[in-house]
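Okay, so here's the structure we're looking at.
Residue numbers (my numbering), protein chains in the order written: chain A, 733 to 1007; chain B, 22 to 142.
If you want it as structure tokens, here you go:
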């Protein structure tokens, strides 16, 4: 294998990924491309990355580019991710929002990089566990992801045995899921609480409206600095005054000056000020 | 250092679980069946018990019932870890006093997640 031409091919794939999704893959993460694309290359009988890129660039198979990008995107997630922070979210943070919006009784939540939907399902379950508290409220949970395949799977609400054993307490599994052969199906009542959209955070999101709570966890880190700014601006525009933003436990907004500031009351959360 | 008792008649499962738990800084004890596990609980106070269902001499379910009724050291978090993956078995385990349930096969992330849920990570 010609190593130099392969690196060139990886760079081409990386630039297509950035153009279509806004996400970048640094050279240190090129291994991910190779690993992710192996099943596709086997399926299409394509011997190596160079040949794969040639086929993509020739437009001979239009679905191939999409399949490759979907495979490269990171869809790692789990239920009730970052357990301690999630408990803060579904407890005191939602209580604070409830207090602020008690007159309207309208709550809008956006899981903005939802992957296979574990995050929005976790929120819907947490709200259902406290249904009396939210009685009379109009609640909307919007779940979006740049990956079409991820949204397709999220809508089905069907999870493998490994997936339901990551973060989901067993009591909630048997309460809100039913066993379908070797998989677990989240119940329709929970799925009905969630609307799913295929959406790129770097694109205009005005159609999606304003939110009291936005979760954007472990996604901005995959964007270039320029796209990160655009995505963050979109988040800022979509967040109501006094609304909260939850990011990944290792992420920070220290480099951005905006109307969204670290929340003094809830560590790890951000809050949009009034202005 | 937290203590975990692995109760499983499979040497391989005990070895795999021990490896994961030791990298999480647990002091690990082993038992091959429910009776050995009960004996271990008389002498040791474990924080968490990883419990197989089907074992010779005494099953995991029989151990759990006896353990929860015993006078001393009966408050460890019990995580069933079994190939009995049907919802009926899960409900029976919870009714008998299990705190969590791992459906085999399991991996490191599953075990870490379950230990975190029961507050033993």
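Virtual Cβ for every residue (Gly too), placed ideally from N, Cα, C.
Between the C-alpha atoms of residue i and residue j, what's the straight-line distance to the nearest angstrom?
{"i": "residue 855 (chain A)", "j": "residue 64 (chain B)", "result": "43 Å"}
{"i": "residue 37 (chain B)", "j": "residue 836 (chain A)", "result": "54 Å"}
{"i": "residue 734 (chain A)", "j": "residue 995 (chain A)", "result": "Note that residue 734 (chain A) scores a pLDDT of 47, beneath 50, so its modelled location is shaky and nothing firm can be said."}
{"i": "residue 967 (chain A)", "j": "residue 806 (chain A)", "result": "21 Å"}
{"i": "residue 25 (chain B)", "j": "residue 47 (chain B)", "result": "6 Å"}
{"i": "residue 818 (chain A)", "j": "residue 852 (chain A)", "result": "12 Å"}
{"i": "residue 841 (chain A)", "j": "residue 864 (chain A)", "result": "19 Å"}
{"i": "residue 952 (chain A)", "j": "residue 963 (chain A)", "result": "8 Å"}
{"i": "residue 867 (chain A)", "j": "residue 976 (chain A)", "result": "22 Å"}
{"i": "residue 736 (chain A)", "j": "residue 787 (chain A)", "result": "For residue 736 (chain A), the predicted structure reports a pLDDT of 48, less than 50, and the residue's modelled location is therefore unreliable. The matter cannot be settled from this model."}
{"i": "residue 979 (chain A)", "j": "residue 844 (chain A)", "result": "10 Å"}
{"i": "residue 71 (chain B)", "j": "residue 91 (chain B)", "result": "18 Å"}
{"i": "residue 793 (chain A)", "j": "residue 799 (chain A)", "result": "10 Å"}
{"i": "residue 892 (chain A)", "j": "residue 1006 (chain A)", "result": "43 Å"}
{"i": "residue 906 (chain A)", "j": "residue 791 (chain A)", "result": "47 Å"}
{"i": "residue 937 (chain A)", "j": "residue 49 (chain B)", "result": "52 Å"}
{"i": "residue 31 (chain B)", "j": "residue 39 (chain B)", "result": "12 Å"}
{"i": "residue 748 (chain A)", "j": "residue 741 (chain A)", "result": "11 Å"}
{"i": "residue 829 (chain A)", "j": "residue 97 (chain B)", "result": "37 Å"}
{"i": "residue 982 (chain A)", "j": "residue 95 (chain B)", "result": "38 Å"}
{"i": "residue 762 (chain A)", "j": "residue 955 (chain A)", "result": "15 Å"}
Report yes or no: is there a C-beta of chain A within less than 9 Å of the C-beta of residue i?
{"i": "residue 127 (chain B)", "result": "yes"}
{"i": "residue 135 (chain B)", "result": "yes"}
{"i": "residue 97 (chain B)", "result": "no"}
{"i": "residue 123 (chain B)", "result": "yes"}
{"i": "residue 107 (chain B)", "result": "yes"}
{"i": "residue 70 (chain B)", "result": "no"}
{"i": "residue 113 (chain B)", "result": "no"}
{"i": "residue 130 (chain B)", "result": "yes"}
{"i": "residue 119 (chain B)", "result": "yes"}
{"i": "residue 63 (chain B)", "result": "no"}
Who are the neighbours of residue i on chain C, taking C-beta pairs under 8 Å?
{"i": "residue 1000 (chain A)", "result": "Considering every chain present, this structure includes no chain C. Its protein chains are A and B."}
Is residue i close to chain B, meaning its C-beta is less than 9 Å from at least one C-beta of that chain?
{"i": "residue 894 (chain A)", "result": "yes"}
{"i": "residue 899 (chain A)", "result": "yes"}
{"i": "residue 820 (chain A)", "result": "no"}
{"i": "residue 995 (chain A)", "result": "no"}
{"i": "residue 736 (chain A)", "result": "Its pLDDT being 48, under 50, residue 736 (chain A) is placed unreliably in this model, and the value from its coordinates should be taken loosely. With 9 Å as the cut-off, residue 736 (chain A) does not count as an interface residue toward chain B."}
{"i": "residue 850 (chain A)", "result": "no"}
{"i": "residue 980 (chain A)", "result": "no"}
{"i": "residue 906 (chain A)", "result": "yes"}
{"i": "residue 804 (chain A)", "result": "no"}
{"i": "residue 902 (chain A)", "result": "yes"}
{"i": "residue 733 (chain A)", "result": "Because the pLDDT of residue 733 (chain A) is 46, which lies under 50, any placement of that residue in the model is unreliable, and the question is left without a value."}
{"i": "residue 846 (chain A)", "result": "no"}
Hey, residue i and residue j: beta-carbon distance below 9 Å or not?
{"i": "residue 943 (chain A)", "j": "residue 971 (chain A)", "result": "yes"}
{"i": "residue 82 (chain B)", "j": "residue 59 (chain B)", "result": "no"}
{"i": "residue 134 (chain B)", "j": "residue 45 (chain B)", "result": "no"}
{"i": "residue 776 (chain A)", "j": "residue 784 (chain A)", "result": "yes"}
{"i": "residue 86 (chain B)", "j": "residue 118 (chain B)", "result": "yes"}
{"i": "residue 927 (chain A)", "j": "residue 872 (chain A)", "result": "yes"}
{"i": "residue 898 (chain A)", "j": "residue 810 (chain A)", "result": "yes"}
Give the range of the beta strand (DSSP E) segment to which residue i is assigned.
{"i": "residue 70 (chain B)", "result": "69-72"}
{"i": "residue 947 (chain A)", "result": "943-948"}
Within the continuous alpha helix (DSSP H) that includes residue i, where are the two ends?
{"i": "residue 35 (chain B)", "result": "32-44"}
{"i": "residue 55 (chain B)", "result": "55-64"}
{"i": "residue 877 (chain A)", "result": "Element bounds for residue 877 (chain A): not the alpha helix (DSSP H) but the beta strand (DSSP E), 870-877."}
{"i": "residue 102 (chain B)", "result": "Segment 98-103 is the beta strand (DSSP E) holding residue 102 (chain B); no alpha helix (DSSP H) there."}
{"i": "residue 82 (chain B)", "result": "81-90"}
{"i": "residue 958 (chain A)", "result": "957-970"}
{"i": "residue 993 (chain A)", "result": "Premise fails: residue 993 (chain A) lies in the beta strand (DSSP E), 992-994, not in any alpha helix (DSSP H)."}
Following a CB-centred definition, is residue i positioned closer than 8 Å to any heavy atom of the ligand GDP?
{"i": "residue 814 (chain A)", "result": "In terms of ligand content, the structure shown is empty, and the ligand GDP therefore cannot be addressed."}
key: Positions along the stretch 910-925 of chain A whose CB lies within less than 9 Å of some CB in chain B   = 910, 911 and 914
Within 9 Å of chain A by C-beta, residues of the stretch 23-47 of chain B in sequence order = none
query = Just by C-beta distance, which residues in the stretch 762-796 of chain A are closer than 8 Å to chain B?
reply = none
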